[in-house]
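Q: Pasting in a structure now, in structure tokens, and then I'll have a few things to ask.
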Amino acid sequence: MLPHFLLISSDNIADVLSYNGIIQLGIIVASIAVVMIALFKFKASEFYKALLLNSPIKAGILASILPSILFFIFAFVSGGIYGYFSHNGALLTLSVSILSLFIGAISVLTFLIDVSMSYDTKHTTLRTTIKIILWLLLIFWVTDFDNILAVHLSKIYINFGTTKISFWYIISNIFFVFSAIGGVLWAIAVFDNVFIERFTTLENNEKSLIKRVFKIFAGFVGVYVILPTFGVNLTGLSVLGGGLGVGIGLGLQKIASNFISGFIILLDKSVKIGDRVVINGVTGVITEITTRYTVMEAFDGSEVIIPNEQFVTNTIVNQTHSHNDIGLELSISVGYSSDLRLVLELIAECMKEHELINQDKSPSIYIKSFGASGIDIFIRAWPLDALKDTNTIRNDLSIAFLDKLRANNIEIPFPKLDVTVLSN
Numbered sequence: 001m002l003p004h005f006l007l008i009s010s011d012n013i014a015d016v017l018s019y020n021g022i023i024q025l026g027i028i029v030a031s032i033a034v035v036m037i038a039l040f041k042f043k044a045s046e047f048y049k050a051l052l053l054n055s056p057i058k059a060g061i062l063a064s065i066l067p068s069i070l071f072f073i074f075a076f077v078s079g080g081i082y083g084y085f086s087h088n089g090a091l092l093t094l095s096v097s098i099l100s101l102f103i104g105a106i107s108v109l110t111f112l113i114d115v116s117m118s119y120d121t122k123h124t125t126l127r128t129t130i131k132i133i134l135w136l137l138l139i140f141w142v143t144d145f146d147n148i149l150a151v152h153l154s155k156i157y158i159n160f161g162t163t164k165i166s167f168w169y170i171i172s173n174i175f176f177v178f179s180a181i182g183g184v185l186w187a188i189a190v191f192d193n194v195f196i197e198r199f200t201t202l203e204n205n206e207k208s209l210i211k212r213v214f215k216i217f218a219g220f221v222g223v224y225v226i227l228p229t230f231g232v233n234l235t236g237l238s239v240l241g242g243g244l245g246v247g248i249g250l251g252l253q254k255i256a257s258n259f260i261s262g263f264i265i266l267l268d269k270s271v272k273i274g275d276r277v278v279i280n281g282v283t284g285v286i287t288e289i290t291t292r293y294t295v296m297e298a299f300d301g302s303e304v305i306i307p308n309e310q311f312v313t314n315t316i317v318n319q320t321h322s323h324n325d326i327g328l329e330l331s332i333s334v335g336y337s338s339d340l341r342l343v344l345e346l347i348a349e350c351m352k353e354h355e356l357i358n359q360d361k362s363p364s365i366y367i368k369s370f371g372a373s374g375i376d377i378f379i380r381a382w383p384l385d386a387l388k389d390t391n392t393i394r395n396d397l398s399i400a401f402l403d404k405l406r407a408n409n410i411e412i413p414f415p416k417l418d419v420t421v422l423s424n
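In the working numbering, the protein residues as written are 1 to 424.
Now the structure itself:
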């Protein structure tokens, strides 16, 4: 419980306006001035600049808590010295110095809320609401308004049949439930966006698996914290678990299968985030693996939602499972009168001149077949980044081939139709 001097009342206000109180206010103001000067010099130091560059989260936490710590040290020591020599006590200074630690804790908490929820702009209102609630709780606590509110609202009852429940009981429990839910969601956000991202050696699949396990764990913790508030017997959840098992066996087989398949995918790494796969004739890049489905982004920008079960039971072409070397295949046709050796040399020159093609791997250029209109030539190149540059290389090579062949008077055949007119 906070010192009584910190609670706002007429007696305490009178004490503040006394000679002893004014001196203590002067000590508090002086402490604030010292803290501001020290904080300004600290933020201008090379140490803080380096910390801000290398570890912005640590720098933010330190900048949030440091003012409170400095104020506590200076005000607590100054107030103690004044109280010792004046024999009047320095309760106001000591109380405010202790209060500064609570303010520092809330500052760190609000900073972490900003960091953990900054990845999504839709959470701006939620972040602001949480911070306002935290500061209001501190104000209510300091002014003892929470106890006053509890006393008055406890006198108001709401009848539910034969049961009478106080209005304060309802409000306090609702606040507790929302606080527990908010705490669980915030813990998940911090874990997902701050803690787990620091482990740069982990692959995306491993991060997704750890995040999913933590979410399940946090959900169970939240349930076991919230339900006893309403008098729910947790041993009865075993019956619910049995019923859920029957439900899965009867009607939720697909959902359960997709859920388990999601864990299998993340564990065996048969498909990873960033892999280029071909499934049901559609080629795309895996962008997300969720509990029930996997998201694949096709090359036209559309997103394909694929149930996780398909990756376990069906044959999937994973073009980047063990490496990112994906061949780019093209084919062109030249006329039968063309110098084939010259054609092959010109094609090879075009591929050597392209900066996005891996020159360490020899391209494949060979005659594929003799077509109806010309000779078909097969070409395979190896892009440096096939996931990014495939279409660019395909377009550039097509133009380069056409320019080279035209410059050397090599015919590009097209279908011809001979029409013979027979007279009667």
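Backbone N, C-alpha and C define an ideal beta-carbon position, used for all residues, glycine too.
1) One question on the structure: do I347 and F414 come within less than 9 Å of each other, judged by their Cβ atoms?
2) Name the residue from I158, N395, L25, N147 whose alpha carbon lies nearest to the alpha carbon of L92.
3) For V282, I'd like the list of residues in its chain whose CB is within less than 7 Å of its CB, leaving aside the five on either flank, ordered along the chain.
4) Give the straight-line distance between the Cα atoms of D389 and A381, rounded to the nearest whole angstrom.
5) Which two residues bound the contiguous beta strand (DSSP E) that contains E288?
6) On a CA-only basis, which of I286, I61, C350, A59 is nearest A407? Give me that one, please.
7) Once DSSP output is grouped into helix, strand and coil, what is the label at S338?
8) Let me check understanding here. Comparing Cα to Cα, which of S362, R394, V77 lies closest to S97?
9) Kindly indicate if chain C contains any beta-carbon less than 9 Å away from that of I367.
10) Grab the span of the beta strand (DSSP E) containing N159 for me, first residue to last.
11) Quick one: is T135 buried, meaning 16 or more other Cβ sit within 10 Å of its Cβ, or exposed?
12) By DSSP, does P56 sit in helix, in strand, or in coil?
13) Helix, strand or coil for T93, going by three-state DSSP, please let me know.
14) Alpha carbon to alpha carbon, how far is R276 from N324?
15) Where does E355 sit, in a helix, a strand or coil, going by DSSP?
16) Compare the C-alpha of F370 against each of L340, I139, T420 and name the closest.
17) Using a Cβ-Cβ cut-off of 8 Å (strictly less than) and excluding sequence neighbours within five positions of K254, which residues of its own chain qualify?
18) Determine the burial state of V213: buried for a count of at least 16 other Cβ atoms within 10 Å of its Cβ, exposed for fewer.
19) Checking the sheet assignment: what are the DSSP bridge partners for P383?
20) Excluding sequence positions up to five away, which residues of its chain have a Cβ less than 7 Å from the Cβ of K368?
21) Grouping DSSP H, G and I as helix and E and B as strand, with all else coil, what is S364?
22) For D268, which of S208, S31, T287 has the nearest alpha-carbon?
23) Less than 8 Å between the CB atoms is what I'm expecting for I393 and H354, so what's the real figure, rounded?
24) The beta strand (DSSP E) spanning A298 covers which residue range?
25) Are the stretch 67–77 and the stretch 95–110 touching by the rule of at least three beta carbon pairs closer than 8 Å?
26) I260 and F311 - do their beta-carbons sit closer together than 9 Å?
27) Tell me the rounded alpha-carbon separation between K155 and S179.
28) Relative to the C-alpha of L109, which candidate in L62, E288, M36, N147 has its C-alpha closest?
29) Using 8 Å for Cβ pairs, my map puts V184 next to A150. What's the rounded Cβ distance?
30) Closer than 6 Å by C-beta to G60: which residues in its own chain qualify, once you throw out the five before and the five after it? Chain order, please.
31) Nearest-angstrom Cα distance between G301 and F42?
32) Check the C-beta distance from G182 over to I139 and give it rounded, since I have them as a contact under 8 Å.
33) I need the DSSP call for D376, collapsed to helix, strand or coil.
34) Please classify S64 as buried or exposed, where buried requires at least 16 other C-beta atoms within 10 Å of its C-beta.
35) Rounded to whole angstroms, what's the CA-CA distance from K164 to G21? Just pull it up for me.
36) Where T315 and E345 are concerned, what is the direct C-alpha to C-alpha distance, given to the nearest angstrom?
A: Reading from the atomic positions:
1) no
2) L25
3) A298, V304
4) 12 Å
5) 282–289
6) C350
7) coil
8) V77
9) The question asks about chain C, but that chain is absent: this structure has only one protein chain.
10) 157–160
11) It should be pointed out that residue 135 corresponds to Trp in this sequence rather than to Thr. Exposed.
12) helix
13) helix
14) 9 Å
15) coil
16) L340
17) P307, E309
18) exposed
19) I357
20) S331, D376, I377, F378
21) strand
22) S208
23) 7 Å
24) 293–298
25) yes
26) no
27) 24 Å
28) L62
29) Rounded, the Cβ-Cβ distance is 26 Å, inconsistent with contact.
30) F111
31) 48 Å
32) At roughly 19 Å, the Cβ-Cβ gap does not stay under 8 Å, so G182 and I139 are not in contact.
33) strand
34) buried
35) 47 Å
36) 39 Å
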